[in-house]
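Report on one structure; see the data block that follows.
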Amino acid sequence: RPAMQFVDLASQFESQIQVSNPECSVDGKSIMQMTMLAATKGTKLTIRAEGADADKAIEALQQLIEEKLFSETATGENTDSVE
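Counting along the sequence shown from 1, when you hit position 30 you're at 30 in UniProt numbering, and nothing is skipped either side.
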């Protein structure tokens with residue numbers, strides 16, 4: 001599942017990772033909280049990381065989303081955003 005892949009990768013970093021959609025913000029290292037996002041194709045997500053390895057975390061998570069989780073559907077109009 002994409003959410004589990006995201007959580008597994010996020011958990012490799014020391015930084016705190018928050019993922020949000022227009023309705024809520026959750027801990028990106030918690031599978032239970034990530035499922036609360038109910039994100040589907042086209043859902044706008046914002047990823048925020050805070051900590052010593054925040055830049056590396058954002059880069060890795062963005063790559064996971066763009067290249068692995070949505071590789072079949074990724075286009076220049078991708079609505080996922082990473083901050």
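Even for Gly, the Cβ is constructed at its ideal location relative to N, Cα and C.
Predicted, not measured: the structure shown is a model, and the values here were computed from it.
Backbone secondary structure at residue i - three-state DSSP
i, result
"Ala3", "helix"
"Gln18", "strand"
"Ala10", "helix"
"Lys68", "helix"
Burial state of residue i, where buried means 16 or more other Cβ atoms lie within 10 Å
i, result
"Ser11", "exposed"
"Met34", "buried"
"Lys29", "buried"
"Thr73", "Bear in mind that the predicted position of Thr73 carries a pLDDT of just 39, short of 50, making it unreliable; the figure below should be weighed with that in mind. Burial call: exposed."
Residue span of the beta strand (DSSP E) that contains residue i, given as start and end
i, result
"Glu50", "Thr46 to Glu50"
"Asp55", "Run containing Asp55: none in the beta strand (DSSP E); it sits in the alpha helix (DSSP H), Ala54 to Gln63."
"Ser25", "Ser25 to Asp27"
Proximity test, residue i beta-carbon vs the ligand PLP heavy atom, cut-off 7 angstroms
i, result
"Cys24", "The ligand PLP is not part of the structure shown, which contains no ligands of any sort."
Beta-carbon proximity check, residue i vs residue j, cutoff 8 angstroms
i, j, result
"Leu37", "Asn21", "yes"
"Glu23", "Asp53", "no"
"Met4", "Ile47", "no"
"Ile17", "Ala39", "no"
Residue range of the unbroken alpha helix (DSSP H) whose run includes residue i
i, result
"Gln33", "Ile31 to Met36"
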